[in-house]
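Protein chains in written order, with my numbering: chain A, 1157 to 1455; chain B, 1157 to 1455.
The structure appears below as structure tokens.
There are 2 protein chains.
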Amino acid sequence: MSPDPAPARTLRAATIAGVRQAIAARRTRGPVGLVPTMGALHAGHASLIERARRDCRTVVVSVFVNPLQFDRPDDLAAYPRTLDADLETCRRLGVDVMFVPDAAEMYPQPPACVVEVGRLGDHLCGKRRPGHVRGVATVVLKLFQIVQPGAAYFGEKDAQQLAVLRRMVRDLNVPVEVVGLPTVREKDGLALSSRNRRLDDGERPLAPALYRALCEIRRQVAGGADETAAIVSKAANGLPQDDRLRLEYLELVDPDELQPVEHITGPVLAAGALWVGTTRLIDNVRCEPPRGQAGTGDD
Amino acid sequence: MSPDPAPARTLRAATIAGVRQAIAARRTRGPVGLVPTMGALHAGHASLIERARRDCRTVVVSVFVNPLQFDRPDDLAAYPRTLDADLETCRRLGVDVMFVPDAAEMYPQPPACVVEVGRLGDHLCGKRRPGHVRGVATVVLKLFQIVQPGAAYFGEKDAQQLAVLRRMVRDLNVPVEVVGLPTVREKDGLALSSRNRRLDDGERPLAPALYRALCEIRRQVAGGADETAAIVSKAANGLPQDDRLRLEYLELVDPDELQPVEHITGPVLAAGALWVGTTRLIDNVRCEPPRGQAGTGDD
Chain A
1157 MSPDPAPART
1167 LRAATIAGVR
1177 QAIAARRTRG
1187 PVGLVPTMGA
1197 LHAGHASLIE
1207 RARRDCRTVV
1217 VSVFVNPLQF
1227 DRPDDLAAYP
1237 RTLDADLETC
1247 RRLGVDVMFV
1257 PDAAEMYPQP
1267 PACVVEVGRL
1277 GDHLCGKRRP
1287 GHVRGVATVV
1297 LKLFQIVQPG
1307 AAYFGEKDAQ
1317 QLAVLRRMVR
1327 DLNVPVEVVG
1337 LPTVREKDGL
1347 ALSSRNRRLD
1357 DGERPLAPAL
1367 YRALCEIRRQ
1377 VAGGADETAA
1387 IVSKAANGLP
1397 QDDRLRLEYL
1407 ELVDPDELQP
1417 VEHITGPVLA
1427 AGALWVGTTR
1437 LIDNVRCEPP
1447 RGQAGTGDD
Chain B
1157 MSPDPAPART
1167 LRAATIAGVR
1177 QAIAARRTRG
1187 PVGLVPTMGA
1197 LHAGHASLIE
1207 RARRDCRTVV
1217 VSVFVNPLQF
1227 DRPDDLAAYP
1237 RTLDADLETC
1247 RRLGVDVMFV
1257 PDAAEMYPQP
1267 PACVVEVGRL
1277 GDHLCGKRRP
1287 GHVRGVATVV
1297 LKLFQIVQPG
1307 AAYFGEKDAQ
1317 QLAVLRRMVR
1327 DLNVPVEVVG
1337 LPTVREKDGL
1347 ALSSRNRRLD
1357 DGERPLAPAL
1367 YRALCEIRRQ
1377 VAGGADETAA
1387 IVSKAANGLP
1397 QDDRLRLEYL
1407 ELVDPDELQP
1417 VEHITGPVLA
1427 AGALWVGTTR
1437 LIDNVRCEPP
1447 RGQAGTGDD
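Below, the structure written as structure tokens:
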């Protein structure tokens, strides 16, 4: 069905010069698509790669656990790394080039110049993880400059990341189309995340609580509730009583500028972070207030 | 002598889409060079354009007085604008494409995402003009993304700008070679600057005082003086006594990180800003301490 047969093999480059060379040879043949990842690939990543495979002649997947976006060294150290499996996934999905640099290749010296994201980093994860959003924007801009793709693919699960990157390419005139794709979920609603594999068997059944709380918020907003404080309070109170759960935040923000919304008059993004044991999970859903007489009752 | 004949005409583009289209048609023919300017072109700019003309198949000159790098609205308003003469200069020098956007084209909304330059912006002009260095880095990154040149040309007169841009392309992996060219000077040593045309006949003879002070510093350093405070104090005291002169700063910094140097042990950048009436002039020279037994007595 695909116009492009799966390539005979997936080239693997560890250096910037190497990946640029590998792509230069292919660039003349047609569009280049980039899927930036931190590895530990799952079905969410696969959906991004499959879309890139359909859109682009050359598909590049980067695997880089970016130290600049981690606020805690223990979190960076514990982040899952499954490179052999990732290679196999990329081969299976017909990825042309994997870019797997180490930290010294990406940051030969501490960067003086970074991308600041202004108020888009003031809330949600940006408020709780100092430097996180700047670190994401900076590494993605670097990857864009290294790979020079026509399009790059990101999951909607990382809503703040996606909004910031859309804004970054607009503000800085970066000639890359940022494509956002729907969050892939387990049957019980849990958003796929590389961090899920750190949940133990006891924690796993608790993990969908965040998505359920977000759906509860969506239901309230669709039903006409418009006071954020009351909406969030009700959803938070509905979380299971369990010592292993700790809600880090649950916020309603406008979808573009990511600023808190107190009174809902249009679409909002409901986003949250929930600790399940020692694992921090994030998720979000878009909420639409009712239009005219009818709510949109949507889940 | 040049392998490229002067083009029949200089294309002028006011929009990002327009300039991208004009360049796309030429990119396949060979390297693209960019000379970013704020207009009011003088012989210093001409030296950059001539070098780009020698290096590149396609030469693009941008003329944009960037509001983001002005800390004072009156300074922005008073900045010289001589577009008709600039067009003529570009035609004469065989420029292929002039990019002349207005502020709404470059900043359709206030940018949330900007380039922060860290400690490279902490001293020299960065210390006195809040947001200036960030504004320069941001607009140049935007121009690099719009034009996608292989090389871009800047004068050494703006030493902090040049150091920051060199660092920016390295830190962010921007695939552009930043070329710095020597400051062009009047016979009396005054560095060419678009701002010079704002000097009146009484002020003009005072203007070389800054360069003379910098040369005095270079002489002291070459002669073995190594205490910055004493060196700078002597040079500042040597400035003409005139009510129209006000020294804004005179600093010695290391040439790469632009951090103040108290005790000189290697090459340093001497840089200053001097107000002459209502006109602010900047300049810099590189200073080398003596090696072995011999000083380098260099002017």
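Ideal Cβ placement from N, Cα and C applies to all residues, glycine included.
Keep in mind it's a predicted model, so treat the numbers as computed, not measured.
query: Under 8 Å by beta carbon: chain A residues contacting B/ARG1323; result: ALA1268 and CYS1269
query: C-beta neighbour in chain B for A/ASP1344, strict 8 Å; result: no
query: Closer than 8 Å to chain A by CB, B/PRO1159; result: Unreliable placement is indicated for B/PRO1159, whose pLDDT of 47 sits below 50; the coordinate value is still reported in the next sentence. Not an interface residue.
query: Expected contact under 8 Å - CB spacing of B/GLU1404 and B/ARG1374 to nearest Å; result: 19 Å between Cβ atoms; not a contact.
query: Interface positions of the region 1271-1290 of chain B facing chain A (Cβ-Cβ less than 7 Å), listed along the chain; result: VAL1271, GLU1272, VAL1273, GLY1274, ARG1275 and LEU1276
query: Contact check, A/PHE1220 vs A/PRO1257, beta carbons under 8 Å; result: yes
query: Buried versus exposed call for B/SER1349 [16 or more other C-beta atoms within 10 Å across all chains shown]; result: buried
query: Span separating the alpha-carbon of B/ASP1454 from that of B/PRO1445; result: For B/ASP1454, the pLDDT reaches just 41, beneath the cut-off of 50, and the residue's location in the model is therefore unreliable, although a value from the coordinates is still provided. So the two alpha carbons sit approximately 11 Å from each other.
query: Three-way DSSP call (helix, strand, coil) for A/VAL1270 in this model; result: strand
query: Cut-off 7 Å between Cβ atoms - residues of its own chain near B/PRO1192, not counting five sequence neighbours on either side; result: SER1218, VAL1296, LEU1299 and ALA1308
query: Coil, strand or helix - A/PRO1445 by DSSP; result: coil
query: Contact set between B/VAL1216 and chain A, taken where Cβ atoms lie within less than 8 Å; result: The premise fails here: B/VAL1216 is roughly 14 Å from chain A at the closest Cβ pair, so nothing lies under 8 Å.
query: Buried versus exposed, by CB contacts within 10 Å (16 or more), B/ASP1252; result: buried
query: Where the region 1326-1342 of chain B meets chain A: residues whose CB sits under 7 Å from a CB there; result: ASP1327, LEU1328, ASN1329, VAL1330 and PRO1331
query: Proximal chain A residues relative to B/GLN1301, where beta-carbon distance stays under 7 Å; result: LEU1328, ASN1329, VAL1330 and PRO1331
query: Alpha helix (DSSP H) segment containing A/MET1254, residue limits; result: Unbroken run through A/MET1254 is the beta strand (DSSP E), 1253-1255; no alpha helix (DSSP H).
query: CB contact check: A/ALA1293 to chain B, cutoff 8 Å; result: yes
query: Test item: CB-CB of B/VAL1273 and B/LEU1355 under 8 Å; result: no
query: Cα-Cα separation between A/HIS1187 and B/PRO1187, rounded to whole angstroms; result: Reading off the sequence shown, one finds Pro at residue 1187 of chain A, where the question assumed His. Distance between the alpha carbons of A/PRO1187 and B/PRO1187 is about 21 Å.
query: Meets three-Cβ-pair contact criterion under 8 Å: the region 1409-1428 of chain B and the region 1364-1381 of chain B; result: yes
query: Pairwise C-alpha distance: B/PRO1286 and B/ASN1352; result: 23 Å
query: Supposed close pair B/GLU1261, B/ILE1172 - CB separation, criterion 8 Å; result: 6 Å
query: Those residues which DSSP pairs with A/GLU1407 across a bridge; result: A/ALA1427
query: Option in B/LEU1406, B/ARG1182 and B/LYS1343 with minimal Cα separation from B/ASP1439; result: B/LEU1406
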